[in-house]
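Report on the following structure.
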Amino acid sequence: MKGPKLFAALLLAATLGGGCQNSTEMAPAPPVDDSMPTQAQPKLRTMKIYLGAETLDAELALSPREQATGMMFRTNVTDDSAMLFVLPQPLQAPNGFWMTNCPVSLSAAYINPDGIIAEIHHLEKNDNSPVVATNDNIIFVLEVNDGWFARHNINPGTVMRTEKGSLRETFLTR
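Residue numbers (our numbering): 15 to 188.
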């Protein structure tokens with residue numbers, strides 16, 4: 015597949031998850047071609063999120079393109095960097111996040127619809143292997159600087175909220 019058909023297929027795959035990039039199969043990331051992002055995306059719209067006593071201004075990856083690009087090519091990831099992926103449907107195996115074109119390792123919290131962190135994963139820089147959720151009810155993923163969750167004592171079971179209320183109220187109730 016080349017050109018628009020491949021790009022459309024990649025965007026569809028990205029809507030099933032995000033990260034630096036998302037995989038819809040247990041296969042390595044597709045080879046880079048003209049339809050793949052070639053540079054970091056501009057900073058996305060942000061929203062305040064709360065994890066226990068911690069507050070972050072998280073970029074919101076909402077569209078398929080924003081999710082497909084994620085934090086690709088970013089080299090300036092700090093402890094203040096965060097990106098929240100709001101998935102259109104629960105992330106289920108064999109779907110996962112991979113790190114194609116991500117020069118910095120990240121940590122990712124896989125979060126259920128109630129805003130509870132179910133899993134925290136290390137995402138190795140430039141690794142094309144999908145990091146799959148063991149829980150089949152993941153609808154949000156929060157990516158932060160590698161090790162941020164451990165440094166801030168954020169563990170599975172922690173509830174995440176936004177400045178507008180629960181994650182369910184903010185993103186799932188329309």
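Note that CB positions come from ideal geometry on N, CA and C, so glycine has one too.
Next on the checklist: For Glu133 and Asn90, what's the separation of their Cα atoms in angstroms?
Outcome noted: 25 Å
Item to check | Three-state class that DSSP yields for Ala54 in the structure shown | outcome: The answer is coil: DSSP assigns Ala54 none of H, G, I, E or B.
Checklist entry - Whole alpha helix (DSSP H) runs in the stretch 123-165 with 4 or more residues, listed along the chain? => result 162-165
Checklist entry - Regarding Asp141 and the ligand NAD, is the C-beta to nearest heavy atom distance less than 7 Å? => result Among the ligands in the structure shown, none appear at all, so the ligand NAD cannot be discussed.
Item to check | Buried/exposed call for Pro78, threshold 16 Cβ in 10 Å | outcome: Around the C-beta of Pro78, 16 or more other C-beta atoms lie within 10 Å, and the residue is accordingly described as buried.
Item to check | Delimiting residues of the beta strand (DSSP E) encompassing Glu73 | outcome: 68-75
Next on the checklist: Quick check on this structure: which residue in Pro117, Glu73, Asn149, Ser143 has the alpha carbon closest to the alpha carbon of Ile130?
Outcome noted: Asn149
Item to check | Inter-residue CB distance, Pro102 and Asn151 (contact presumed, cutoff 8 Å) | outcome: Not a contact, Cβ separation roughly 14 Å.
Checklist entry - At what residues does the beta strand (DSSP E) containing Pro102 begin and finish? => result Per DSSP, Pro102 belongs to the beta strand (DSSP E) from 96-105.
Item to check | Beta-carbon proximity check, Asn142 vs Cys116, cutoff 8 Å | outcome: In this structure, Asn142 sits away from Cys116, with a CB-CB distance that is not shorter than 8 Å.
Checklist entry - Span of the alpha helix (DSSP H) holding Arg175? => result Premise fails: Arg175 lies in the beta strand (DSSP E), 174-176, not in any alpha helix (DSSP H).
Item to check | Nearest to Thr92 (by Cα), restricted to the options Ala123, Phe99, Asp71, Thr172 | outcome: Asp71
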